[in-house]
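Take a look at the structure set out below.
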Amino acid sequence: MRLTRTSDLWWKNAVVYCLDVETYQDGNGDGTGDFAGLTQRIDHLVRLGVTCVWLMPFYPTRERDDGYDITDFYGVDPRLGTLGDFTEFVRTARDRGIRVIADLVVNHTSEHHPWFQDSRSSRDSDHRDWYVWADEPPKDGPEGVVFPDAEDSVWEYDEPTGQYYLHRFYKQQPDLNIANPRVRDEIARIMGFWTQLGLSGFRVDAVPFLLETDGQQDAGQLPDPHEYLADLRAFLGRRSGEAVLLGEVNLPYEDTALFFGEPSSGRGDELTMCFDFIGMQQMYLSLARGEAAPLARSLRERPAAPRDAHWATFVRNHDELTLDKLSDAERAEVFAAFGPEKEMQLYDRGLRRRLPPMVDGDRRRLELVYSLLFTLPGTPVLFYGEEIGMGENLAAEGRQAVRTPMQWTSDKLGGFSTADPATFPNPVADGAFAPDKVNVHDQSRDPDSFLSHMRLLVERYRESPELAWGDFELLDSGSPAVLAHLGSLPEGAVLAVHNFSGEAASATLSVPGLGEDGELTDIFTAATLGTSADKRVRVDLEPYGYRWLRVATDRDDPDRTTA
(Lines of atoms letter the chains of each structure in order from A and count residues from 1; the text may use other names and numbers.)
(Lines give C-alpha, C1' and ligand atoms only; values in the text may rest on other atoms or scores of the structure.)
Protein backbone atom coordinates (compact mmCIF):
# COMPACT_ATOMS: atom_id res chain seq x y z
CA MET A 1 0.00 0.00 0.00
CA ARG A 2 1.43 3.39 -0.97
CA LEU A 3 0.74 6.54 1.02
CA THR A 4 0.36 9.57 -1.25
CA ARG A 5 -0.60 13.19 -0.75
CA THR A 6 -1.54 15.93 -3.18
CA SER A 7 1.41 18.00 -4.32
CA ASP A 8 -0.29 21.33 -3.64
CA LEU A 9 0.17 20.58 0.07
CA TRP A 10 3.93 20.26 -0.41
CA TRP A 11 4.54 22.48 2.63
CA LYS A 12 3.10 19.90 5.03
CA ASN A 13 6.34 17.90 5.03
CA ALA A 14 8.71 20.53 3.65
CA VAL A 15 12.13 21.41 5.04
CA VAL A 16 12.33 25.22 4.93
CA TYR A 17 15.73 26.95 4.96
CA CYS A 18 15.94 30.68 5.71
CA LEU A 19 18.91 32.65 4.36
CA ASP A 20 20.05 36.20 3.76
CA VAL A 21 21.46 36.56 0.25
CA GLU A 22 24.00 39.20 1.30
CA THR A 23 25.62 36.90 3.91
CA TYR A 24 25.47 33.58 2.06
CA GLN A 25 28.03 33.62 -0.78
CA ASP A 26 29.82 36.43 -2.59
CA GLY A 27 29.89 35.55 -6.28
CA ASN A 28 31.78 38.56 -7.66
CA GLY A 29 34.35 39.35 -4.98
CA ASP A 30 32.96 42.68 -3.78
CA GLY A 31 32.42 41.57 -0.17
CA THR A 32 28.63 41.17 -0.36
CA GLY A 33 26.73 37.97 -0.98
CA ASP A 34 24.64 37.90 -4.13
CA PHE A 35 22.28 35.76 -6.19
CA ALA A 36 25.11 34.55 -8.41
CA GLY A 37 26.94 33.20 -5.37
CA LEU A 38 23.78 31.70 -3.92
CA THR A 39 23.07 29.87 -7.16
CA GLN A 40 26.58 28.40 -7.05
CA ARG A 41 25.81 26.92 -3.63
CA ILE A 42 22.44 25.39 -4.47
CA ASP A 43 23.75 21.83 -4.40
CA HIS A 44 24.66 22.19 -0.72
CA LEU A 45 20.97 22.70 -0.04
CA VAL A 46 20.07 19.73 -2.22
CA ARG A 47 22.44 17.45 -0.30
CA LEU A 48 21.05 18.71 3.00
CA GLY A 49 17.52 17.81 1.89
CA VAL A 50 16.07 21.32 1.79
CA THR A 51 12.81 21.52 -0.16
CA CYS A 52 12.03 25.24 0.24
CA VAL A 53 14.31 28.28 0.49
CA TRP A 54 12.99 31.34 2.31
CA LEU A 55 14.78 34.49 1.18
CA MET A 56 15.11 37.36 3.62
CA PRO A 57 14.56 40.78 1.97
CA PHE A 58 16.62 41.24 -1.21
CA TYR A 59 14.87 44.38 -2.45
CA PRO A 60 16.50 47.81 -2.87
CA THR A 61 17.05 49.30 0.58
CA ARG A 62 18.89 51.97 2.56
CA GLU A 63 19.98 49.23 5.00
CA ARG A 64 18.51 50.88 8.06
CA ASP A 65 16.89 47.61 9.18
CA ASP A 66 18.89 44.85 7.45
CA GLY A 67 16.86 45.17 4.26
CA TYR A 68 13.43 45.57 5.84
CA ASP A 69 13.39 49.29 4.97
CA ILE A 70 12.44 48.81 1.31
CA THR A 71 12.71 51.52 -1.34
CA ASP A 72 11.30 49.46 -4.26
CA PHE A 73 9.05 46.41 -3.91
CA TYR A 74 9.57 45.44 -7.57
CA GLY A 75 13.36 45.26 -7.74
CA VAL A 76 16.53 43.54 -6.54
CA ASP A 77 19.11 45.44 -4.53
CA PRO A 78 21.94 46.17 -7.02
CA ARG A 79 24.50 44.86 -4.51
CA LEU A 80 22.83 41.45 -4.75
CA GLY A 81 22.40 41.25 -8.51
CA THR A 82 19.63 41.82 -11.03
CA LEU A 83 16.15 40.51 -11.68
CA GLY A 84 17.81 38.19 -14.17
CA ASP A 85 20.07 36.81 -11.42
CA PHE A 86 17.03 36.33 -9.20
CA THR A 87 15.06 34.41 -11.81
CA GLU A 88 18.11 32.29 -12.63
CA PHE A 89 18.35 31.29 -8.98
CA VAL A 90 14.64 30.46 -8.78
CA ARG A 91 14.85 28.42 -11.99
CA THR A 92 17.94 26.54 -10.76
CA ALA A 93 16.33 25.83 -7.41
CA ARG A 94 13.19 24.52 -9.10
CA ASP A 95 15.32 22.28 -11.32
CA ARG A 96 16.71 20.74 -8.12
CA GLY A 97 13.25 20.25 -6.61
CA ILE A 98 13.45 23.28 -4.30
CA ARG A 99 10.72 25.90 -4.10
CA VAL A 100 11.46 29.50 -3.15
CA ILE A 101 9.48 31.88 -0.96
CA ALA A 102 10.44 35.42 0.05
CA ASP A 103 9.71 37.98 2.72
CA LEU A 104 6.61 40.07 2.09
CA VAL A 105 7.31 43.28 4.02
CA VAL A 106 4.33 45.54 3.41
CA ASN A 107 3.65 46.87 6.88
CA HIS A 108 5.95 49.80 6.11
CA THR A 109 8.39 51.24 3.57
CA SER A 110 11.65 53.12 3.77
CA GLU A 111 11.32 56.87 4.22
CA HIS A 112 13.22 57.05 0.91
CA HIS A 113 10.55 55.10 -0.99
CA PRO A 114 9.04 57.27 -3.76
CA TRP A 115 5.59 56.79 -2.25
CA PHE A 116 6.65 58.35 1.04
CA GLN A 117 8.71 61.05 -0.65
CA ASP A 118 5.56 62.09 -2.49
CA SER A 119 3.43 61.65 0.64
CA ARG A 120 5.50 64.07 2.70
CA SER A 121 5.77 66.64 -0.11
CA SER A 122 2.30 68.06 0.53
CA ARG A 123 -0.88 67.33 2.46
CA ASP A 124 -2.59 67.17 -0.94
CA SER A 125 -0.12 64.81 -2.61
CA ASP A 126 -1.32 61.74 -4.49
CA HIS A 127 0.27 59.33 -1.97
CA ARG A 128 -0.56 61.31 1.18
CA ASP A 129 -3.16 58.81 2.35
CA TRP A 130 -0.88 55.85 1.61
CA TYR A 131 0.61 56.52 5.05
CA VAL A 132 -0.87 57.32 8.46
CA TRP A 133 -0.77 61.01 9.42
CA ALA A 134 -2.10 62.92 12.44
CA ASP A 135 -1.97 66.50 13.70
CA GLU A 136 -1.21 65.08 17.14
CA PRO A 137 -0.48 61.47 18.17
CA PRO A 138 -3.95 60.08 19.00
CA LYS A 139 -4.52 59.08 22.61
CA ASP A 140 -6.10 55.78 21.57
CA GLY A 141 -3.42 54.93 19.03
CA PRO A 142 -0.94 52.05 19.17
CA GLU A 143 1.57 51.95 21.99
CA GLY A 144 4.98 50.36 22.37
CA VAL A 145 7.91 50.34 19.99
CA VAL A 146 9.52 47.33 18.33
CA PHE A 147 13.05 48.68 18.84
CA PRO A 148 13.09 50.20 22.35
CA ASP A 149 16.84 50.80 22.19
CA ALA A 150 16.40 53.22 19.28
CA GLU A 151 12.87 54.68 19.48
CA ASP A 152 10.73 56.04 22.29
CA SER A 153 7.55 56.69 20.28
CA VAL A 154 5.63 55.25 17.33
CA TRP A 155 4.94 58.77 16.00
CA GLU A 156 7.44 61.07 14.29
CA TYR A 157 6.93 64.75 13.55
CA ASP A 158 7.48 65.66 9.88
CA GLU A 159 8.50 69.29 9.54
CA PRO A 160 7.60 69.89 5.83
CA THR A 161 3.86 69.28 6.33
CA GLY A 162 3.53 69.84 10.07
CA GLN A 163 2.03 66.45 10.94
CA TYR A 164 3.11 63.24 12.64
CA TYR A 165 3.42 59.93 10.79
CA LEU A 166 3.06 56.45 12.32
CA HIS A 167 6.01 54.05 12.50
CA ARG A 168 5.94 50.94 14.67
CA PHE A 169 9.54 50.11 13.78
CA TYR A 170 12.32 52.66 13.14
CA LYS A 171 11.27 56.22 12.34
CA GLN A 172 12.91 55.67 8.96
CA GLN A 173 10.17 53.07 8.27
CA PRO A 174 6.80 54.86 8.00
CA ASP A 175 3.78 52.56 8.23
CA LEU A 176 1.62 52.07 5.17
CA ASN A 177 -2.08 52.85 5.57
CA ILE A 178 -3.64 49.44 5.14
CA ALA A 179 -7.10 51.03 5.38
CA ASN A 180 -6.53 52.60 1.96
CA PRO A 181 -7.96 50.40 -0.85
CA ARG A 182 -5.21 51.61 -3.20
CA VAL A 183 -2.57 50.31 -0.78
CA ARG A 184 -4.34 46.97 -0.52
CA ASP A 185 -4.49 46.71 -4.32
CA GLU A 186 -0.78 47.51 -4.55
CA ILE A 187 0.08 44.75 -2.08
CA ALA A 188 -1.76 42.29 -4.33
CA ARG A 189 0.20 43.56 -7.34
CA ILE A 190 3.47 43.04 -5.48
CA MET A 191 2.50 39.47 -4.66
CA GLY A 192 1.38 38.83 -8.23
CA PHE A 193 4.61 40.22 -9.66
CA TRP A 194 6.92 37.94 -7.67
CA THR A 195 4.68 34.93 -8.07
CA GLN A 196 4.86 35.42 -11.82
CA LEU A 197 8.67 35.33 -11.52
CA GLY A 198 8.52 31.94 -9.86
CA LEU A 199 8.03 32.39 -6.12
CA SER A 200 5.96 29.73 -4.36
CA GLY A 201 4.70 32.08 -1.68
CA PHE A 202 5.74 34.52 1.00
CA ARG A 203 6.75 34.74 4.61
CA VAL A 204 4.54 37.61 5.76
CA ASP A 205 6.40 39.97 8.06
CA ALA A 206 4.79 41.29 11.27
CA VAL A 207 1.26 40.16 10.41
CA PRO A 208 -0.53 41.71 13.42
CA PHE A 209 1.09 45.10 12.70
CA LEU A 210 0.11 44.81 9.05
CA LEU A 211 -3.56 44.43 9.93
CA GLU A 212 -3.73 46.85 12.87
CA THR A 213 -5.56 50.15 12.28
CA ASP A 214 -5.70 51.65 15.79
CA GLY A 215 -5.65 55.44 15.70
CA GLN A 216 -6.29 55.72 11.97
CA GLN A 217 -9.06 58.13 10.99
CA ASP A 218 -10.16 56.05 8.00
CA ALA A 219 -9.92 52.66 9.70
CA GLY A 220 -13.63 52.19 9.14
CA GLN A 221 -12.96 51.73 5.43
CA LEU A 222 -11.05 48.55 6.09
CA PRO A 223 -12.98 45.29 6.10
CA ASP A 224 -12.47 42.91 8.97
CA PRO A 225 -8.68 42.30 9.11
CA HIS A 226 -9.17 38.57 8.82
CA GLU A 227 -11.39 39.04 5.78
CA TYR A 228 -8.62 41.08 4.18
CA LEU A 229 -6.07 38.37 4.95
CA ALA A 230 -8.44 35.80 3.46
CA ASP A 231 -8.69 37.98 0.34
CA LEU A 232 -4.89 37.98 0.02
CA ARG A 233 -4.80 34.20 0.38
CA ALA A 234 -7.54 33.81 -2.24
CA PHE A 235 -5.70 36.14 -4.62
CA LEU A 236 -2.49 34.16 -4.17
CA GLY A 237 -4.37 30.91 -4.73
CA ARG A 238 -5.73 32.19 -8.03
CA ARG A 239 -2.22 33.08 -9.18
CA SER A 240 -0.62 29.86 -7.95
CA GLY A 241 -2.51 26.95 -6.42
CA GLU A 242 0.58 25.72 -4.60
CA ALA A 243 1.65 29.06 -3.10
CA VAL A 244 1.82 29.59 0.67
CA LEU A 245 1.62 32.40 3.20
CA LEU A 246 3.88 31.71 6.18
CA GLY A 247 2.99 34.21 8.88
CA GLU A 248 5.06 35.85 11.60
CA VAL A 249 2.42 36.04 14.33
CA ASN A 250 3.94 36.23 17.81
CA LEU A 251 0.77 36.26 19.90
CA PRO A 252 -0.83 33.95 22.48
CA TYR A 253 -2.05 30.70 20.96
CA GLU A 254 -5.73 31.60 20.93
CA ASP A 255 -4.99 34.82 19.04
CA THR A 256 -2.47 33.27 16.65
CA ALA A 257 -4.89 30.48 15.70
CA LEU A 258 -7.33 33.05 14.33
CA PHE A 259 -4.85 33.87 11.58
CA PHE A 260 -5.26 30.40 10.07
CA GLY A 261 -8.84 31.38 9.26
CA GLU A 262 -12.13 29.73 10.02
CA PRO A 263 -13.73 28.37 6.83
CA SER A 264 -16.88 27.40 8.73
CA SER A 265 -17.51 31.07 9.51
CA GLY A 266 -17.37 32.03 5.85
CA ARG A 267 -14.06 33.87 6.13
CA GLY A 268 -12.13 31.29 4.16
CA ASP A 269 -8.46 30.37 4.46
CA GLU A 270 -5.94 32.90 5.71
CA LEU A 271 -2.32 32.06 6.55
CA THR A 272 -1.12 28.67 5.35
CA MET A 273 1.31 28.36 8.26
CA CYS A 274 2.03 30.23 11.49
CA PHE A 275 5.27 30.06 13.44
CA ASP A 276 4.97 28.43 16.86
CA PHE A 277 6.71 31.14 18.87
CA ILE A 278 5.34 29.91 22.19
CA GLY A 279 6.48 26.31 21.68
CA MET A 280 9.96 27.52 20.73
CA GLN A 281 10.24 29.63 23.88
CA GLN A 282 8.97 26.85 26.12
CA MET A 283 11.50 24.49 24.56
CA TYR A 284 14.32 26.71 25.81
CA LEU A 285 12.76 26.77 29.27
CA SER A 286 12.66 22.96 29.20
CA LEU A 287 16.31 22.88 28.17
CA ALA A 288 17.26 25.30 30.94
CA ARG A 289 15.42 23.24 33.58
CA GLY A 290 16.23 19.80 32.22
CA GLU A 291 12.52 19.02 32.37
CA ALA A 292 9.98 18.20 29.66
CA ALA A 293 7.03 19.89 31.38
CA PRO A 294 7.21 23.42 29.89
CA LEU A 295 7.33 22.18 26.30
CA ALA A 296 4.74 19.49 26.99
CA ARG A 297 2.40 22.09 28.45
CA SER A 298 2.67 24.31 25.38
CA LEU A 299 2.00 21.36 23.08
CA ARG A 300 -1.14 20.51 25.04
CA GLU A 301 -2.33 24.11 24.86
CA ARG A 302 -1.52 24.66 21.20
CA PRO A 303 -4.68 24.63 19.07
CA ALA A 304 -4.77 22.15 16.23
CA ALA A 305 -4.24 23.78 12.86
CA PRO A 306 -7.08 23.45 10.33
CA ARG A 307 -6.80 20.61 7.84
CA ASP A 308 -5.31 22.79 5.11
CA ALA A 309 -2.95 24.68 7.41
CA HIS A 310 0.07 23.88 9.56
CA TRP A 311 2.23 25.19 12.36
CA ALA A 312 5.88 25.99 11.56
CA THR A 313 8.48 24.92 14.10
CA PHE A 314 11.92 26.45 14.54
CA VAL A 315 14.89 26.51 16.90
CA ARG A 316 15.47 30.23 16.51
CA ASN A 317 14.15 32.95 14.26
CA HIS A 318 16.39 35.21 12.21
CA ASP A 319 16.01 38.16 14.59
CA GLU A 320 16.81 37.99 18.27
CA LEU A 321 15.78 34.70 19.87
CA THR A 322 12.68 36.20 21.41
CA LEU A 323 11.57 35.08 24.88
CA ASP A 324 8.82 37.65 25.24
CA LYS A 325 6.05 35.15 26.00
CA LEU A 326 7.85 33.78 29.07
CA SER A 327 7.24 35.30 32.48
CA ASP A 328 9.98 37.54 33.88
CA ALA A 329 11.11 34.73 36.18
CA GLU A 330 11.12 32.15 33.38
CA ARG A 331 13.03 34.48 31.08
CA ALA A 332 15.60 35.01 33.83
CA GLU A 333 16.07 31.21 33.99
CA VAL A 334 16.78 31.01 30.27
CA PHE A 335 19.08 34.04 30.40
CA ALA A 336 21.02 32.47 33.28
CA ALA A 337 21.40 29.18 31.42
CA PHE A 338 22.15 30.42 27.90
CA GLY A 339 22.95 34.15 27.92
CA PRO A 340 24.06 35.37 31.35
CA GLU A 341 26.06 38.33 30.06
CA LYS A 342 24.26 41.55 29.16
CA GLU A 343 25.92 41.69 25.72
CA MET A 344 24.27 38.36 24.90
CA GLN A 345 20.78 39.79 25.46
CA LEU A 346 18.68 42.19 23.41
CA TYR A 347 15.77 44.47 24.36
CA ASP A 348 15.49 42.59 27.69
CA ARG A 349 13.30 40.08 25.87
CA GLY A 350 15.63 37.82 23.92
CA LEU A 351 19.07 36.48 23.08
CA ARG A 352 21.32 37.42 20.19
CA ARG A 353 23.02 34.05 20.19
CA ARG A 354 22.94 30.84 18.22
CA LEU A 355 22.33 27.53 19.95
CA PRO A 356 25.82 25.90 19.71
CA PRO A 357 27.59 28.56 21.82
CA MET A 358 24.64 28.56 24.25
CA VAL A 359 25.34 24.90 25.07
CA ASP A 360 29.14 25.22 24.77
CA GLY A 361 29.13 23.08 21.66
CA ASP A 362 27.66 20.05 23.49
CA ARG A 363 26.88 17.72 20.60
CA ARG A 364 24.39 15.72 22.68
CA ARG A 365 22.23 18.77 23.41
CA LEU A 366 22.45 19.99 19.82
CA GLU A 367 21.27 16.65 18.49
CA LEU A 368 18.45 16.58 21.05
CA VAL A 369 17.15 19.99 19.95
CA TYR A 370 17.23 19.25 16.23
CA SER A 371 15.63 15.86 16.80
CA LEU A 372 12.80 17.79 18.47
CA LEU A 373 12.63 20.17 15.51
CA PHE A 374 12.03 17.33 13.06
CA THR A 375 9.65 15.26 15.19
CA LEU A 376 7.38 17.87 16.78
CA PRO A 377 4.19 18.51 14.79
CA GLY A 378 4.72 21.24 12.23
CA THR A 379 6.89 22.19 9.28
CA PRO A 380 10.58 22.49 10.33
CA VAL A 381 12.33 25.78 9.50
CA LEU A 382 16.12 26.05 9.58
CA PHE A 383 18.17 29.26 9.74
CA TYR A 384 21.26 29.18 7.53
CA GLY A 385 24.34 27.79 9.29
CA GLU A 386 22.34 25.69 11.74
CA GLU A 387 23.19 22.62 9.70
CA ILE A 388 26.91 22.97 10.58
CA GLY A 389 26.52 24.32 14.12
CA MET A 390 27.58 27.90 13.38
CA GLY A 391 28.05 30.37 16.21
CA GLU A 392 27.56 34.11 16.48
CA ASN A 393 29.82 37.15 16.69
CA LEU A 394 28.78 39.40 19.55
CA ALA A 395 30.98 42.19 18.18
CA ALA A 396 28.27 42.79 15.56
CA GLU A 397 25.49 45.20 16.42
CA GLY A 398 22.17 43.96 17.77
CA ARG A 399 20.51 41.26 15.70
CA GLN A 400 23.45 41.17 13.30
CA ALA A 401 25.36 38.98 15.76
CA VAL A 402 23.60 35.89 14.33
CA ARG A 403 23.70 37.08 10.70
CA THR A 404 27.40 36.46 10.12
CA PRO A 405 28.72 35.20 6.76
CA MET A 406 28.11 31.55 5.95
CA GLN A 407 31.19 29.40 6.62
CA TRP A 408 32.07 27.26 3.63
CA THR A 409 35.78 26.55 4.12
CA SER A 410 38.41 26.65 6.86
CA ASP A 411 40.17 29.84 5.73
CA LYS A 412 39.74 32.86 8.01
CA LEU A 413 37.05 34.34 5.75
CA GLY A 414 35.14 31.07 5.63
CA GLY A 415 35.14 30.91 1.83
CA PHE A 416 32.41 33.55 1.83
CA SER A 417 34.37 36.08 -0.20
CA THR A 418 37.84 37.01 -1.43
CA ALA A 419 37.33 40.68 -0.58
CA ASP A 420 38.63 42.70 2.35
CA PRO A 421 36.60 41.52 5.38
CA ALA A 422 36.06 45.17 6.28
CA THR A 423 33.63 45.27 3.34
CA PHE A 424 31.54 42.31 4.61
CA PRO A 425 27.96 42.97 5.76
CA ASN A 426 28.89 41.54 9.18
CA PRO A 427 32.05 40.11 10.72
CA VAL A 428 32.72 36.38 10.49
CA ALA A 429 32.06 34.27 13.59
CA ASP A 430 35.07 33.92 15.84
CA GLY A 431 36.51 31.88 18.71
CA ALA A 432 35.48 28.25 19.10
CA PHE A 433 33.06 28.60 16.18
CA ALA A 434 35.35 30.33 13.68
CA PRO A 435 35.56 28.91 10.13
CA ASP A 436 38.68 26.87 10.84
CA LYS A 437 36.62 24.89 13.36
CA VAL A 438 33.14 25.01 11.79
CA ASN A 439 32.67 24.86 8.01
CA VAL A 440 30.81 23.00 5.28
CA HIS A 441 33.85 21.64 3.43
CA ASP A 442 35.36 19.74 6.35
CA GLN A 443 32.05 18.47 7.69
CA SER A 444 30.94 17.25 4.26
CA ARG A 445 33.88 14.86 4.30
CA ASP A 446 33.36 13.61 7.84
CA PRO A 447 30.63 10.97 8.28
CA ASP A 448 30.52 11.75 12.00
CA SER A 449 30.17 15.51 11.58
CA PHE A 450 27.19 17.55 12.67
CA LEU A 451 26.35 18.28 9.02
CA SER A 452 26.27 14.56 8.26
CA HIS A 453 23.98 14.05 11.22
CA MET A 454 21.65 16.84 10.10
CA ARG A 455 21.44 15.30 6.64
CA LEU A 456 20.44 12.02 8.29
CA LEU A 457 17.77 13.73 10.41
CA VAL A 458 16.27 15.34 7.31
CA GLU A 459 16.34 12.05 5.44
CA ARG A 460 14.61 10.14 8.25
CA TYR A 461 12.05 12.93 8.67
CA ARG A 462 11.17 12.79 4.99
CA GLU A 463 10.84 9.00 5.28
CA SER A 464 8.41 9.35 8.20
CA PRO A 465 5.18 10.87 6.86
CA GLU A 466 3.50 10.20 10.22
CA LEU A 467 5.48 13.09 11.72
CA ALA A 468 4.29 15.62 9.15
CA TRP A 469 0.85 14.34 8.26
CA GLY A 470 -0.20 12.30 11.25
CA ASP A 471 -2.29 12.93 14.33
CA PHE A 472 -0.22 14.14 17.28
CA GLU A 473 -0.52 12.67 20.77
CA LEU A 474 1.53 13.31 23.90
CA LEU A 475 2.17 10.19 25.99
CA ASP A 476 2.79 9.85 29.71
CA SER A 477 6.49 9.00 29.95
CA GLY A 478 6.62 8.39 33.69
CA SER A 479 9.73 10.59 33.92
CA PRO A 480 9.83 14.39 34.42
CA ALA A 481 12.83 14.60 32.11
CA VAL A 482 11.32 12.72 29.18
CA LEU A 483 8.99 13.98 26.48
CA ALA A 484 7.23 11.24 24.52
CA HIS A 485 4.88 11.82 21.62
CA LEU A 486 3.31 9.84 18.82
CA GLY A 487 2.61 10.76 15.21
CA SER A 488 0.09 8.40 13.69
CA LEU A 489 -1.70 7.69 10.42
CA PRO A 490 -3.96 4.76 9.55
CA GLU A 491 -0.95 3.24 7.79
CA GLY A 492 1.40 3.42 10.81
CA ALA A 493 2.89 5.46 13.60
CA VAL A 494 6.21 6.88 14.83
CA LEU A 495 7.06 7.31 18.50
CA ALA A 496 9.60 10.00 19.47
CA VAL A 497 11.18 10.05 22.94
CA HIS A 498 13.51 12.82 24.21
CA ASN A 499 15.46 13.17 27.44
CA PHE A 500 16.00 16.78 28.54
CA SER A 501 18.24 15.78 31.44
CA GLY A 502 22.01 15.46 31.68
CA GLU A 503 21.38 12.17 33.49
CA ALA A 504 20.31 8.87 32.00
CA ALA A 505 16.55 8.36 32.07
CA SER A 506 13.96 5.80 31.08
CA ALA A 507 10.35 6.01 30.00
CA THR A 508 7.75 3.31 30.43
CA LEU A 509 5.02 3.86 27.87
CA SER A 510 1.67 2.57 26.80
CA VAL A 511 1.75 3.09 23.04
CA PRO A 512 -1.63 3.32 21.29
CA GLY A 513 -1.98 0.73 18.57
CA LEU A 514 0.83 -1.46 19.89
CA GLY A 515 -0.60 -4.88 20.69
CA GLU A 516 0.70 -7.67 22.89
CA ASP A 517 2.97 -8.97 20.15
CA GLY A 518 3.78 -5.52 18.84
CA GLU A 519 7.29 -4.33 18.14
CA LEU A 520 9.07 -0.99 17.95
CA THR A 521 11.92 -0.52 15.48
CA ASP A 522 14.54 2.20 15.93
CA ILE A 523 14.49 4.33 12.77
CA PHE A 524 18.23 5.07 13.02
CA THR A 525 19.71 1.76 14.18
CA ALA A 526 17.04 -0.83 13.23
CA ALA A 527 17.23 -2.21 16.79
CA THR A 528 13.89 -3.51 18.08
CA LEU A 529 12.00 -3.19 21.34
CA GLY A 530 9.23 -5.52 22.43
CA THR A 531 6.38 -5.01 24.86
CA SER A 532 6.17 -6.36 28.39
CA ALA A 533 3.45 -8.63 29.70
CA ASP A 534 1.30 -5.61 30.56
CA LYS A 535 1.63 -4.30 26.98
CA ARG A 536 3.98 -1.49 27.96
CA VAL A 537 7.38 -0.67 26.51
CA ARG A 538 10.45 0.62 28.34
CA VAL A 539 12.72 3.04 26.49
CA ASP A 540 16.14 3.74 28.04
CA LEU A 541 17.82 7.01 27.12
CA GLU A 542 21.33 8.32 27.60
CA PRO A 543 21.86 11.86 28.94
CA TYR A 544 20.16 14.19 26.41
CA GLY A 545 19.33 11.07 24.42
CA TYR A 546 16.45 10.54 22.01
CA ARG A 547 14.94 7.78 19.89
CA TRP A 548 12.60 7.61 16.91
CA LEU A 549 10.71 4.32 16.96
CA ARG A 550 8.41 2.98 14.28
CA VAL A 551 5.33 1.23 15.59
CA ALA A 552 4.82 -1.93 13.56
CA THR A 553 1.34 -2.72 12.27
CA ASP A 554 0.02 -5.24 9.79
CA ARG A 555 -0.47 -2.38 7.32
CA ASP A 556 3.05 -0.99 7.68
CA ASP A 557 4.75 -0.68 4.29
CA PRO A 558 8.42 0.37 4.15
CA ASP A 559 8.04 1.40 0.51
CA ARG A 560 5.43 4.10 1.08
CA THR A 561 6.19 7.52 -0.27
CA THR A 562 4.85 11.04 0.00
CA ALA A 563 4.22 13.26 -2.97
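Its first residue numbered 1, the sequence shown is counted upward by one per residue in UniProt numbering. Yeah, the Cβ is synthetic: ideal placement off N, Cα and C, and Gly gets one too.
query, result
"Cross-strand partners of W311 (DSSP beta bridge)", "C274"
"Residue of V369, V359, N317, D362 minimising C-alpha distance to G350", "N317"
"Where the beta strand (DSSP E) containing G339 begins and where it ends", "Premise fails: G339 is in no beta strand (DSSP E) and is neither H nor E."
"Backbone CA spacing between G414 and I70 [nearest angstrom]", "29 Å"
"Residues sharing a beta bridge with E519, DSSP", "G530"
"Length-filtered (4 minimum) alpha helix (DSSP H) runs lying within the segment 78 to 137", "83 to 95, 114 to 119"
"Burial state of E159, where buried means 16 or more other Cβ atoms lie within 10 Å", "exposed"
"P357, enclosing alpha helix (DSSP H) - first and last residue", "355 to 358"
"Reduced DSSP secondary structure (H/G/I, E/B, other) of N499", "strand"
"With 16 other Cβ atoms within 10 Å as the buried cut-off, status of D557", "Because the pLDDT at D557 is just 49, under 50, the model does not fix this residue reliably, and the value given afterwards should be weighed accordingly. Under this definition D557 is an exposed residue."
"Validate contact between the segment 71 to 84 and the segment 127 to 142 using beta carbons, cut 8 Å, 3 pairs", "no"
"Element boundaries [beta strand (DSSP E), containing L475]", "471 to 475"
"The alpha helix (DSSP H) enclosing Y347, as first and last residue numbers", "Element bounds for Y347: n/a, residue is neither H nor E."
"Rounded C-alpha distance that separates R96 from V46", "7 Å"
"S510 to Y165 span [Cα, whole Å]", "60 Å"
"Cβ-Cβ distance between V539 and A507 below 8 Å", "yes"
"Same chain, Cβ closer than 6 Å to M283, neighbours up to 5 away in sequence not counted", "L295"
"Stretch pair the segment 459 to 473 + the segment 416 to 431: three plus CB contacts closer than 8 Å", "no"
"Option nearest V16 by Cα separation, candidates H44, D124, E151, G49", "G49"
"Secondary structure of Y461, DSSP reduced to three states", "helix"
"Neighbourhood of G502 by C-beta distance below 6 Å, restricted to the same chain and skipping five residues each side", "P543"
"Coarse secondary structure for G487, derived from DSSP in three states", "strand"
"Residue nearest to L326 in terms of C-alpha spacing, selected from R352, A526, L19, S286", "S286"
"For P57 and V105, the rounded distance between their alpha carbons", "8 Å"
"Residue span of the alpha helix (DSSP H) that contains S444, given as start and end", "440 to 444"
"Integer-rounded CB distance, given that E392 should sit under 8 Å from R353", "5 Å"
"Same chain, Cβ closer than 6 Å to A134, five either side skipped, listed in chain order", "Y164"
"Where the alpha helix (DSSP H) through R550 begins and ends", "No alpha helix (DSSP H) holds R550; the beta strand (DSSP E) holding it covers 546 to 551."
"Whole-angstrom C-beta distance between D436 and S410, which should lie under 8 Å", "5 Å"
"Bounding residues of the alpha helix (DSSP H) (the contiguous stretch that carries A505)", "It is not in any alpha helix (DSSP H) - A505 instead sits in the beta strand (DSSP E) that spans 505 to 509."
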